[in-house]
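Working notes, structure below.
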Amino acid sequence: MAEPAEGASESAAAPVTRCGFVALIGAPNVGKSTLLNALVGAKISIVTPKVQTTRTLIRGIAVEGPAQLIFVDTPGIFAPRRRLDRAMVGSAWGSAQDADLVTLLIDAHKGLQDDDEAILRGLADIRAGKVLALNKVDLVAKPTLLQLAQRLNQEAAFAATFMVSALTGDGIADLKKFLAAHVPAGPWLYPEDQISDAPLRQLAAEITREKLYLRLHQELPYQSTVETEVWKELKDGSVRIEQTIYVERESQRKIVLGKGGAAIKAIGTAARADIAAAIEHPVHLFLFVKVREGWGDDPERYREMGLEFPQE
Ligand code: GDP
Ligand code: MG
Numbered sequence: 038m039a040e041p042a043e044g045a046s047e048s049a050a051a052p053v054t055r056c057g058f059v060a061l062i063g064a065p066n067v068g069k070s071t072l073l074n075a076l077v078g079a080k081i082s083i084v085t086p087k088v089q090t091t092r093t094l095i096r097g098i099a100v101e102g103p104a105q106l107i108f109v110d111t112p113g114i115f116a117p118r119r120r121l122d123r124a125m126v127g128s129a130w131g132s133a134q135d136a137d138l139v140t141l142l143i144d145a146h147k148g149l150q151d152d153d154e155a156i157l158r159g160l161a162d163i164r165a166g167k168v169l170a171l172n173k174v175d176l177v178a179k180p181t182l183l184q185l186a187q188r189l190n191q192e193a194a195f196a197a198t199f200m201v202s203a204l205t206g207d208g209i210a211d212l213k214k215f216l217a218a219h220v221p222a223g224p225w226l227y228p229e230d231q232i233s234d235a236p237l238r239q240l241a242a243e244i245t246r247e248k249l250y251l252r253l254h255q256e257l258p259y260q261s262t263v264e265t266e267v268w269k270e271l272k273d274g275s276v277r278i279e280q281t282i283y284v285e286r287e288s289q290r291k292i293v294l295g296k297g298g299a300a301i302k303a304i305g306t307a308a309r310a311d312i313a314a315a316i317e318h319p320v321h322l323f324l325f326v327k328v329r330e331g332w333g334d335d336p337e338r339y340r341e342m343g344l345e346f347p348q349e
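Taken in order, the sequence shown gives residues 38 to 349; the numbers are from this note's numbering.
Laid out in structure tokens, this is it:
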């Protein structure tokens, strides 16, 4: 945390900047992605009522006073079964290991679950400062919250506890202030106005995946992935984007297309609007659906998602 020695003579004039990585960890569906978006003030990470929507590490960047906070949204931590699950859980713990601060999110409405207990045990091995955030307080009565906070603070050493609602924004400003005051002193890593480090192609693919999930979450298992194949900026300022939705089986391809192409059309319309808003340019979006058998066991797909490929 030492200040750089050089430039010390100027430090009377220049304010001390701070900068650090804050990992948001927690069980699936506790509201990590919603919180990231609330902290950054923009939609960076996709949110659905379905568990395991976030697959890779999504970084959102916010400035709070003299501090730049780089939030890392992680896949939920839970008892993994499949290879993709293991990769996601592994990357979540990896980001906690690398972070300057870790914020553990608990769904206060659901209360403590087995996955939370496992995470609390895992936290013992994390050196970074730990902050507890009880989320979804809009759904919970105060006494229940206090009890939960007390119990959690007995189980792990938290530097502070916050009661927040990522949905309504309640308590978010206090949490952000605390984090800003506790990241290490140091230069900012990103330009002041940058809010994400994800390439636009990836952001666009994530938006389409959100629409896919929102529309088909009953029918479609989460073995589907979206890749942006073409990104062409046209002379009139618009962007032509071609994306492929990969599914594992022909039956899933039919579901994504829908009757007479109705489902894919609706997904495309919703995704186009959000992508255009995100990149602030008109968008022509073309979606393709392809079957790629066994992509869940293909190392190349993991690389594209920024995940490590677990050997077993
Ligand atoms: P993640 O899996 O931890 O990233 O959770 P998400 O951010 O995707 O949120 C899961 C679900 O919880 C979504 O339906 C959110 O709208 C909902 N949610 C998140 N935060 C809150 C909150 O503060 N209050 C309420 N009522 N719902 C929330
Ligand atoms: Mg998420």
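The beta carbon of each residue, even a glycine, is placed where N, CA and C say it ideally should be.
With fewer than 16 other Cβ atoms from the protein chains shown falling within 10 Å of its own Cβ, Asn190 counts as exposed. Look at Thr181: its beta carbon is at least 8 Å from all of the heavy atoms in the ligand GDP.
Residues of the same chain with a CB within less than 6 Å of the CB of Lys69, apart from the 5 flanking positions on each side, are Leu61, Gly63, Asp110 and Leu142 in chain order. Here Thr198 has Leu169 and Ala186 as same chain residues with Cβ atoms under 6 Å from its own Cβ, once five neighbours each way along the sequence are excluded. Rounded to the nearest angstrom, the gap between the Cα atoms of Ser275 and Thr306 is 16 Å. Per the C-alpha coordinates, the member of Lys296, Val67 and Ile244 positioned closest to Gly148 is Val67. 9 Å or more divides the Cβ of Gly57 from the Cβ of Leu121. Check the Cα spacing between Val126 and each of Pro65, Lys214 and Asn74: the tightest is with Pro65.
According to the DSSP assignment, Val168 belongs to no alpha helix (DSSP H) but to the beta strand (DSSP E) extending over Gly166 to Asn172. Between the beta-carbon of Ser128 and that of Glu266 there is about 24 Å, and that puts the pair past the 8 Å contact cut. Distance from Gly223 to Arg55 at the Cβ level is roughly 7 Å; contact confirmed, criterion being Cβ atoms closer than 8 Å.
The alpha carbon of Leu249 has as its nearest neighbour, out of Lys302, Ala218 and Gln231, the alpha carbon of Lys302. Under the three-state reduction of DSSP, Asp153 is assigned to helix. Going by beta carbons, Asp144 and Lys173 fall inside the 9 Å limit. Distance from Ala161 to Pro347 at the Cβ level is roughly 23 Å; contact not present, criterion being Cβ atoms closer than 8 Å. Proximity of the segment 318 to 328 to the segment 280 to 292 meets the contact definition, three or more beta-carbon pairs being nearer than 8 Å.
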